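Student: The sequence shown begins at 2 in this note's numbering and counts up by one.
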Amino acid sequence: MNIELVNTFFEMVQISSESGEEKEFISYLENLFTKKLQAKCIIDDYGNLIAKIPAKNTARTEPILFGVHADTVRPGKDIEPVLENGVIRSAGDTILGADDKAGITELLAAIEAAKRYPPLEIVVSREEEIGLLGSKNLDASFLNSKIGFVVDMDNLADIVIGGPSYMTIDVDIIGKAAHAGMEPEKGISSIKAAADAISKLKQGWIDKETTVNVGVIQGGEIRNSVPEKTEVKVECRSQSHEKCLRQSNLIKEAFVSTAKALGAKTEIKMKLAIKSYCISEDAEPVKVAKQAASSVGLQPEVKAICGGTDAAHYNEKGITTVVIGMGAKAEHTKKENITVADMKKAVSMIQRILEELSD
């Protein structure tokens, strides 16, 4: 199993699939699932792959959703994976792509190894890494599942039952240009307005379930001109939807009032990308995931997080979905790695889930 598991994973990560460029990898998976799992595959209008797999050795007819994502962050082209002392990492100046190709590899191996499983609906989403766009635009009319599992958490012991509301806040500040050396008093600095507003914001953890981050500031055109325009990109996340809305409005007001005091104008666009969710610890997928983690010697930790996952949209579409681990470490960096031992544990966990849900 080790050799086949590693070879399959190596093959997957060597197919480039940075966000927005997943078509080749989706096609590869469509052929693989059809050949190995006798899946009936559908590509929805957004380019997501939905693979329907018939049940094996069970009378259960209600399907189970398994979600993974096809895309990787950058730099994710021409990945050269290497295995050294049981650890897989990139040999070059790229990420590894274990997020989420390790999850896909483990899911495939678990299905192949399982003695029985219910009907399965595997969704391979696009553009997860740039805002969960694939799952957001997924055509859910193709799905019949009521419960699901997203294989996309790093720590194998973690079982995620909740995620945040996520607001993006794009601020354009318009001041007035003037010659910085001859008549600066005639200008209104958009950069100063932005800086003053940012200085008033509390950033990082606002409380135990809410975060704020100023991620981008771009302003001015030339050194010797009072800058007329500045763009600021801010985000707010909270496990409480109400807190997210309240904090986002405070951020908006900080920019509006500060700019106004200096004579500048603001144009602000706020967009709710994800709405928070939290499912009960008594829900069936939570109980089954806990049993699966325990079966491989782990102490399961049920938690809500401030990171976004496809589970947010599946839950919003009425599919009670938890996120389980796939074992990658240092994701989104060039030091990303995963051990073969953790991949094997993940396979065993998923296999246990499949067999538990066959009763």
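Beta carbons: idealized from backbone N, C-alpha and C, even for Gly. Since the structure is predicted, the reported quantities are computational estimates derived from the model, not experimental observations.
Might you give, ordered along the chain, the residues of its own chain that have their beta carbon closer than 6 Å to the beta carbon of Glu302, omitting 5 neighbours on each side?
Tutor: Ala158 and Asp159
Student: If you drop the 5 nearest sequence neighbours on each side, which residues of the same chain put their C-beta closer than 7 Å to that of Ala347?
Tutor: Glu107, Leu157, Gly326, Met327 and Gly328
Student: For Ser142, count neighbouring Cβ atoms within 10 angstroms of its own Cβ and tell me buried if that reaches 16, exposed if not.
Tutor: exposed
Student: Met154 lies in the beta strand (DSSP E); which residues open and close that run?
Tutor: Ile148 to Met154
Student: Which whole runs of the alpha helix (DSSP H) in the stretch 70 to 107 are 4 residues long or more, in chain order?
Tutor: DSSP runs (the alpha helix (DSSP H)) wholly in the stretch 70 to 107: none.
Student: Go ahead and label Cys279 buried or exposed: buried means 16 or more other beta carbons lie within 10 angstroms of its beta carbon, across all protein chains shown.
Tutor: Per the 10 Å Cβ criterion, exposed.
Student: What ranges does the beta strand (DSSP E) occupy inside the stretch 255 to 330, keeping only unbroken runs of at least 3 residues that lie completely in it?
Tutor: 266 to 275, 302 to 305 and 321 to 326
Student: Under 9 Å, do Met344 and Ala194 count as touching if we go by C-beta distance?
Tutor: no
Student: Alpha carbons only, please: which of Ile148, Asn225, Glu130 and Met13 is nearest the one belonging to Phe67?
Tutor: Ile148
Student: Assuming Lys276 contacts Glu332 (C-beta within less than 8 Å), just tell me the rounded distance between them.
Tutor: About 24 Å; that fails the 8 Å criterion.
Student: Report all residues from its chain with a CB closer than 6 Å to the CB of Arg238; omit the five preceding and five following residues, and keep chain order.
Tutor: Pro165, Tyr167, Thr212 and Cys307
Student: Count the C-beta pairs between the stretch 46 to 55 and the stretch 118 to 132 that are closer than 8 Å, then say yes if the count reaches three, no if not.
Tutor: yes
Student: What are the partner residues of Gln219, as DSSP defines its beta bridges?
Tutor: Glu232
Student: Looking at the strands, I want to know which residues DSSP matches up with Thr211.
Tutor: When DSSP reads this structure, Thr211 sits in a beta bridge with Asp208 and Ser239.
Student: If contacts are defined as beta-carbon pairs under 8 Å, then Glu232 and Asp173 qualify, I think. What distance do you get, rounded to the angstrom?
Tutor: 6 Å
Student: Please report the distance separating the alpha-carbon of Ser18 from that of Arg247.
Tutor: Cα-Cα distance, rounded: 37 Å.
Student: State whether the stretch 17 to 36 contacts the stretch 109 to 125, with contact taken as three or more CB pairs (one from each stretch) at a distance under 8 Å.
Tutor: yes
Student: Measure from the alpha carbon of Ala290 to the alpha carbon of each residue in Tyr315, His314, Met271 and Thr321, then state which is nearest.
Tutor: Thr321
Student: Per DSSP, Ser226 is paired with what?
Tutor: Answer is His180.
Student: Out of Gly163, Leu121, Ile65 and Thr169, which has the shortest C-alpha to C-alpha gap to Cys1?
Tutor: One cannot answer for residue 1 here, as it falls past the ends of the chain, which runs 2 to 360.
Student: Take the Cβ of Val83 as the centre, count every other Cβ of all protein chains shown within 10 Å, and call the residue buried at 16 or more, exposed below.
Tutor: Classification of Val83: exposed, given that the 10 Å Cβ count is below 16.
Student: Go ahead and pull the three-state DSSP assignment for Ser349.
Tutor: helix
Student: Does the beta-carbon distance from Ala110 to Glu210 come in below 9 Å?
Tutor: no
Student: How many Å lie between Ile175 and Gln219 at the Cα?
Tutor: So the two alpha carbons sit approximately 12 Å from each other.
Student: According to DSSP, is Lys24 part of a helix, a strand, or is it coil?
Tutor: Of the three classes helix, strand and coil, the one that applies to Lys24 here is helix, per DSSP.
Student: Over what stretch of residues does the beta strand (DSSP E) that includes Ile339 continue unbroken?
Tutor: Judged by DSSP secondary structure, Ile339 falls within the beta strand (DSSP E) whose first and last residues are Asn338 to Thr340.
Student: Under 8 Å Cβ to Cβ from Glu23, same chain only, skipping five residues before and after it: list those, please.
Tutor: For Glu23, where only same-chain residues beyond five positions count, the Cβ hits under 8 Å are Gly48, Ala71, Asp72, Arg127 and Glu128.
Student: Just reading off the beta strand (DSSP E) that Lys53 is part of, what are its end residues?
Tutor: Lys53 -> beta strand (DSSP E) spans Leu50 to Ile54.
Student: Assign Ile162 to one of three DSSP states: helix, strand, or coil.
Tutor: strand
Student: Of all the options Asp283, Pro120 and Lys78, which has the alpha carbon lying nearest to the alpha carbon of Ala60?
Tutor: Nearest C-alpha to Ala60: Pro120.
Student: Just to confirm my understanding: we take Val297, look at its own chain, exclude 5 residues before and 5 after, and list those with CB closer than 7 Å. What are they?
Tutor: Lys346, Ser349 and Met350
Student: Taking DSSP as the reference, what is the three-state secondary structure of Lys37?
Tutor: helix
Student: Under 9 Å between the Cβ atoms of Ile96 and Arg75?
Tutor: Closer than 9 Å, so yes.
Student: Ile199 lies in the alpha helix (DSSP H); which residues open and close that run?
Tutor: Per DSSP, Ile199 is one residue of the alpha helix (DSSP H) stretching across Ser191 to Lys201.
Student: Measure from the alpha carbon of Glu113 to the alpha carbon of each residue in Arg224, Ser241, Phe34 and Ile339, then state which is nearest.
Tutor: Phe34
Student: Under the rule that 16 or more other beta-carbon atoms within 10 Å means buried, what is His314, buried or exposed?
Tutor: buried
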